[in-house]
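Below, the structure is given as structure tokens:
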């Protein structure tokens, strides 16, 4: 043995996140050429500021509420009044009837996913992910010795194909992760898509006699354009658990604040809810950050500047099209998913010559594409277009 | 199979934390008798407010720094300037030479412990805990399929016995957790104790030819009375990793903010540091809450009101002694560790009759004692004394 750490973690140190590597590369290039001359589209780190109301809420809370309450421990699930407010806000929007007892405040959506996977998975249990998918799902599932099973992409329009889902299900399938609006494609899964997947899951649940859960990972829910509706999944499928984060919708990614919705009608509801509260504790989260819980509860009707993202979307889309690239016009999130006329990793390397940083599709189990995160300043997009034009020429487009 | 969740988590739902159960019981009794008539000593939730400076720091940051930076992603290890400030503060206090590259900001000490255990443990690896110990260590170790091995308590003075540590070490021992000032006893491990344990570990490292790490869990470091010095462990043993939290020292337990110190001189330093950053990410923490990172960096010289805890300590100690109880005079943390003249769980049940909530020693792998957390208002202590007096009489003291 040449090292003394966990074998799982040793493996991870040998193949670190491509997204994070690009993030570090961005820092290196910025030091060389100046931040304004580097066009870093690698990370989903919103460039638009949190709404002013967040600041007001935080300072207002610190002025008016007791510090021992604001900064103190509470139930592992979170402050009851905050959970009640979240439930009420969901009920108003989606005609549901959740209560505080259906909500667990979490350390972002990543924390929430870990909590629910810890709650559900036995070693060897399978979790389906729909390619292309957020690469961290594999690590989260692996934390609990589950097996991530990838459903191949439907490259026609990146609406997942229910028959492909059916083929991937086995008696060991415990859950399916659905991420819509999707990272990395920007596609919003349609009600039709969801219905067809729900029908497959229902028939497989009957066949095997045990539940298969949908885990809806929804940090991009609020980011949908052109009035497109993002289906609320608990209305389509009984065994749905939703994970949310304010990282993108209120530009608070560093604050690690989100929640899980565990509807009363899911199988084993009480057991799952209780276990998830305990998982939140034993994984070391203990509870979602307390001041930020109280702050977001005061900002449930706030939204980030969706028009700014929309304007970025148009700017980048038009620029890329004019340069000759092929990409779908995304309806949600803040990612452009662009077909590469060469190997996608080679594309990323070529792009670096023009100080453009993007992430290869192979990092999302879907080679032949790149992800361009346009949650950046419009200047970054404008500045990058000449580089994209040169890159297109170099690639013979 | 009668349920559909993780077997590990099912086990945990069947034996929930005694501390947390007491916390819930406190809520129930408060609803029945009024909060002021319930003497809840069950949870380490500081009753003293965070220093005013925390509020000033938070609002000042929100006024003067860019929200995209304050609430944004940064490296998984945390903001470089915050880590540098933490390192500098440690260097000033302990004559060390840490840099930002030795510090990982974490979601509290619980998050930090999970990160380092995830980093180090392979299934079956053993981690030693010194009884009595914080009951969550067992869950943290179990998260990574490690085995917690309990070193029996030295009930003479609750300074751990190095020979007992030696007996517990096997070729599978990966780490030893040291928690001083100690939860639940309030004992500060002496330099002599630490030296004797370090000598045992060093000889065992040589014997087995692999490192055995000390994981120093230090949320109570700042809470020491009578001028007693809390040994800084990296000065005593090379393979020491320190976990810290501002939960107790600045009364911020709900905010989930702390750090790991990974000294450059430990075996496999680079690999362990890199793996710990990745573990922080893949466990779903991603990074310590961002605004709170920036706030604590401005409050590194702030302390909670130690005199208030000290006054509580004297008040409770004198009250308990006069009532006839036997307890050591604790030098640190905010716990009193009291010998029970009957079964410790029975003691806790009897105490409830007087609306007094305490936690049985058996929850810390040390039956025959109870833990009384005196991080409460002095009124709670004063109000509880008549109950303790009656309880002592009932127990024939």
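Residue numbers (this note's numbering), protein chains in the order written: chain A, 7 to 403; chain B, 7 to 403.
Ideal Cβ placement from N, Cα and C applies to all residues, glycine included.
None of the values given here were measured: they were computed from a predicted structure.
- CA-CA distance, residue 166 of chain A to residue 343 of chain A, rounds to 15 angstroms.
- Taking one beta carbon from each stretch, the segment 338–358 of chain B and the segment 268–282 of chain B have fewer than 3 pairs nearer than 8 angstroms; the two do not touch.
- Under the DSSP assignment, residue 19 of chain B falls in the alpha helix (DSSP H) whose first and last residues are 13–20.
- If only uninterrupted alpha helix (DSSP H) runs of at least 4 residues are considered, those enclosed by the segment 37–115 of chain A are 58–70, 73–76 and 86–100.
- In the structure shown, residue 366 of chain A adopts extended strand secondary structure according to DSSP, grouped into three states.
- Contact between the segment 348–360 of chain A and the segment 168–183 of chain A is absent: fewer than 3 CB-CB pairs across the two stretches fall below 8 angstroms.
- Chain-order list of chain B residues neighbouring residue 65 of chain A: 64, 65 and 68, by C-beta distance under 8 angstroms.
- For residue 146 of chain A, the chain B residues whose C-beta falls within less than 8 angstroms of its own C-beta are 288 and 290, listed in chain order.
- Excluding sequence positions up to five before and after residue 234 of chain A, its CB lies within less than 8 angstroms of the CB of 194, 337 and 338, all in the same chain and listed in chain order.
- Along the segment 246–269 of chain A, the positions whose C-beta sits under 9 angstroms from a C-beta of chain B are 253, 256, 257, 258, 259, 260, 261, 262 and 263, read in chain order.
- 7 angstroms or more divides the Cβ of residue 157 of chain A from the Cβ of residue 147 of chain A.
- Here the alpha carbons of residue 192 of chain A and residue 321 of chain A stand approximately 15 angstroms from one another.
- Counting only Cβ-Cβ distances below 7 angstroms, residue 296 of chain A has contacts in chain B at 260 and 261, in chain order.
- Only buried fits residue 77 of chain A, as 16 or more other CB atoms lie within 10 angstroms of its CB.
- In summary, residue 215 of chain A is exposed, with fewer than 16 beta-carbon neighbours lying within 10 Å of its beta-carbon over all protein chains present.
- Residue 127 of chain A belongs to the set of residues whose beta carbon lies under 7 angstroms from a beta carbon in chain B.
- Residue 377 of chain A is bridged by DSSP to A:343 and A:365.
- Here residue 333 of chain B carries a strand assignment [DSSP, helix/strand/coil].
- At a C-beta separation below 8 angstroms, residue 73 of chain B has these neighbours in chain A: 55, 56, 60, 61 and 257.
- Judged by pairs of C-beta atoms under 8 angstroms, the segment 283–293 of chain B does not touch the segment 369–382 of chain B, as fewer than three such pairs exist.
- Taking the Cα positions, residue 289 of chain B is about 14 angstroms away from residue 152 of chain A.
- In the three-state scheme derived from DSSP, where H, G and I count as helix and E and B as strand, residue 276 of chain B is classed as helix.
- Restricting attention to A:144, A:229, A:177 and A:350, the CA atom closest to the CA of residue 212 of chain A is found in A:177.
- Distance check between residue 309 of chain A and each of A:251, A:228 and A:335 places A:228 closest, using alpha-carbon atoms only.
- Note that the C-beta distance between residue 251 of chain A and residue 225 of chain A is below 7 angstroms.
- Taken through DSSP and simplified to helix, strand or coil, residue 223 of chain B comes out as strand.
- Assigned with DSSP and collapsed to three states, residue 247 of chain A falls in strand.
- Here residue 292 of chain B is near residue 116 of chain A, since their CB atoms are less than 7 angstroms apart.
- In this structure, A:273 is the residue among A:273, A:402, A:386 and A:375 with its C-alpha nearest to the C-alpha of residue 8 of chain B.
- For residue 68 of chain B, same chain residues with a beta-carbon under 6 angstroms away, outside a window of 5 residues either side, do not exist.
- Relative to the Cα of residue 314 of chain A, the nearest Cα in the group A:162, A:27 and A:56 belongs to A:56.
- Excluding the 5 residues flanking it on each side, residue 396 of chain A has same chain C-beta neighbours closer than 8 angstroms at 360, in chain order.
- Taking a Cβ-Cβ threshold of 7 angstroms, the residues of chain A close to residue 51 of chain B are 78 and 79, in chain order.
- By a beta-carbon distance limit of 8 angstroms, residue 319 of chain B contacts residue 380 of chain B. Their separation comes to about 6 angstroms.
- Distance check between residue 79 of chain B and each of A:58, A:32, A:50 and A:311 places A:50 closest, using alpha-carbon atoms only.
- By the 16-neighbour rule on beta-carbons within 10 angstroms, residue 39 of chain A is exposed.
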